[in-house]
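Under the numbering used here, the residues of the sequence shown are numbered 51 to 113, in order. Using N, Cα and C, we set each Cβ at its ideal position, and we do this for glycine too.
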Amino acid sequence: MEAGWFKSTHSTTKNDSCVEVRFIATAVEVRDTKDRPGGTLSFASAAWRGLLESTKSGRAGLR
């Protein structure tokens, strides 16, 4: 795995349906574990924090 990329500790080796995340100086990058060369999404740090807060509180409708 390239430097800085990581998966959730809740991810198992049997479950390849996950994403990898890495933090860079001004953003957070996300990529599909099954398609690493397929590109990345990049989010401003504040937007990423907002997504996490919305998800954890249930406001994002992802539960």
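If you look at residue 99, you'll find it isn't in any beta strand (DSSP E); it sits in the alpha helix (DSSP H) that goes 95–107. Across the structure, residue 108 and residue 101 are spaced so that their CA atoms are roughly 11 Å apart.
Note on residue 103: under 16 other CB atoms within 10 angstroms of its CB, so exposed under the neighbour-count rule. Separation of residue 59 and residue 80 (C-alpha to C-alpha, rounded to the nearest whole angstrom) is 16 Å.
In terms of Cα proximity to residue 69, the closest of 97, 90 and 94 is 90.
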